[in-house]
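**Q** Residue numbers (UniProt numbering): 1 to 271.
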Amino acid sequence: MSQIAASAVIHPMAVVEDGAVIGENVRVGPFCRVGPRVTLKDGVELLSNAVVTGLTEIGAGTQIHPMAVIGGVSQSLHEAGEDSRLVVGANCTMREGVTMNCGTVGGGGITRVGDNCLFLANSHVAHDCILGSGIILSNNVMLAGHVRVEDKAILSGGCAVHQFVRIGRQAFIGGLSAVAYDVIPYGMLNGNPGILGGLNVVGMSRSGIERSVIHQVRRAFKQIFESEGSARANAAAIRDEYLDCPPAIEILDFIAAESDRALSSPHRGKT
1 MSQIAASAVI HPMAVVEDGA VIGENVRVGP FCRVGPRVTL KDGVELLSNA VVTGLTEIGA
61 GTQIHPMAVI GGVSQSLHEA GEDSRLVVGA NCTMREGVTM NCGTVGGGGI TRVGDNCLFL
121 ANSHVAHDCI LGSGIILSNN VMLAGHVRVE DKAILSGGCA VHQFVRIGRQ AFIGGLSAVA
181 YDVIPYGMLN GNPGILGGLN VVGMSRSGIE RSVIHQVRRA FKQIFESEGS ARANAAAIRD
241 EYLDCPPAIE ILDFIAAESD RALSSPHRGK T
């Protein structure tokens, strides 16, 4: 039997399957479908024609708009029907036609989305993606499997992200960009192929990072990408210079971390 809180409002033309867990003050609109292994936390709202399925947990206060399909089975060619999950955090918004898939056993078994994220119309989050909080995916953004996106990154309309790519915190991806390689925290990438054009200085300033710190990060950026040698070697060589600059250290640690993809740069992709 479903566990439906007394304060929940379920439209008579919605389908809530046996086994679903529905929290306080949840609202499920007409023609919605909630699967038997779904948990909707307190205050979740499903507008008309939304589908939440699979082994899926939707965080408190999240709103899901018409024609979104959340928790569908992965589109991986290796999908074999194993048990896997989707966990979405609190206060997210999923606009019309958004799709999010559960994970795969081979990829860790879970797709995870943080709090306060905004997914605009027809954006897609594939299997085994791990997203932080405060992220914006604009219309028609496509994340392939196993992508990682850190807090407060913004992905503009129509951009496509290759599987296993990492996008660092507060990075900005321009519209229609092809993201084939990792993007550093605070990086700004545009184009097809995507080229790292510099730092998201506007975003850094808006988030309260002081101008003097931004200047330090810009200097580190030039040392990494404009000096002779590889970006990874350059980043390792300058780390001790920036121990008092957390944003720069964040970039350097991101570059040093193991990854399945190469690093986006101002040079990669240019002919």
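Backbone N, C-alpha and C fix where the C-beta goes; we use that ideal spot for every residue, glycine too.
1) Straight-line CA distance for T271 to A60?
2) Would you say L263 and I251 are within 8 Å of each other, going by their C-beta atoms?
3) Going by the CB atoms, is the gap between I70 and L47 shorter than 8 Å?
4) Need the endpoints of the alpha helix (DSSP H) that I252 sits in, please.
5) From V34 to F225, what distance separates their C-alpha atoms?
6) State the Cα-Cα distance for the pair S81 and V73, rounded to the nearest angstrom.
7) Per DSSP, N190 forms a beta bridge with which residues?
8) Within a Cβ cutoff of 7 Å, which residues of the same chain sit near M1, ignoring the five residues on either side of it in sequence?
9) Look at the alpha carbon of P193 and the alpha carbon of S84, and state the distance between them as a whole number of angstroms.
10) Thinking H127 and T111 are a contact (beta carbons under 8 Å), I'd like their distance in whole angstroms, please.
11) Within the same chain, show all residues whose beta-carbon is closer than 7 Å to that of I66, passing over the 5 residues directly before and after it, in chain order.
12) Between H267 and G191, what straight-line distance do the alpha-carbon atoms span, to the nearest angstrom?
13) Can you tell me which of F31, H78, L118 and G23 puts its alpha carbon nearest to the alpha carbon of E57?
14) From the DSSP secondary-structure annotation, give me the bridge partner or partners of G157.
15) Along the beta strand (DSSP E) that carries G69, what are the first and last residues, could you check?
16) Go through its chain and collect everything with a Cβ distance to D253's Cβ below 7 Å, but skip five positions before and after it.
17) Give me the Cβ distance between S156 and G174, rounded to the nearest whole Å; I'm assuming they're in contact under 8 Å.
18) May I ask you to report which of helix, strand or coil DSSP gives H124?
19) Below 8 Å on the Cβ atoms is my guess for N116 versus C92; work out the distance and round it to an integer in Å.
20) Within the continuous beta strand (DSSP E) that includes I110, where are the two ends?
21) Using a 10 Å radius around the Cβ and a threshold of 16 neighbouring Cβ atoms, would you call E258 buried or exposed?
22) What three-state label does DSSP hand D151 in the structure shown?
23) With DSSP run on the structure shown, which of helix, strand or coil describes N200?
24) In the DSSP assignment, what are the bridge partners of N101?
25) Going straight from the alpha carbon of A14 to that of E150, what length do you get?
26) Taking the straight line between their C-alpha atoms, what separation do you get for L189 and V87?
27) I need the straight-line Cα distance from A153 to P247, nearest angstrom please.
28) Look up residue 275 in the DSSP assignment and say whether it is helix, strand or coil.
**A** Working from what's here:
1) With a pLDDT of 47 at T271, under the threshold of 50, the modelled position of that residue is not reliable, and the figure given next carries that caveat. Computed Cα separation, rounded: 48 Å.
2) The answer is no: Cβ separation not under 8 Å.
3) no
4) In the sequence as presented, Ile is not what sits at residue 252; that position holds Leu. Going by DSSP, L252 is part of the alpha helix (DSSP H) stretching over P246 to A256.
5) Rounded to the nearest angstrom, the two C-alpha atoms are 49 Å apart.
6) As written in the sequence, residue 81 is Gly, which differs from the Ser given in the question. Rounded to whole angstroms, G81 to V73 spans 8 Å at the Cα level.
7) I195
8) D18
9) 33 Å
10) Contact holds; Cβ gap of about 6 Å.
11) Looking at the sequence provided, one finds Pro at residue 66 rather than Ile. Cβ within range, chain order: L47, S48, N49, A50 and E96.
12) 12 Å
13) G23
14) In DSSP, G157 forms no bridge with anything.
15) One detail in the question is off: residue 69 reads as Val in this sequence, not Gly. From DSSP, the beta strand (DSSP E) with V69 extends over V69 to G72.
16) none
17) 5 Å
18) DSSP places H124 in strand when its eight states are reduced to three.
19) 7 Å
20) I110 to V113
21) exposed
22) coil
23) coil
24) G72
25) 35 Å
26) Distance between the alpha carbons of L189 and V87: 28 Å.
27) 14 Å
28) No information on residue 275 is available, as it lies outside the stretch 1 to 271 that the chain covers here.
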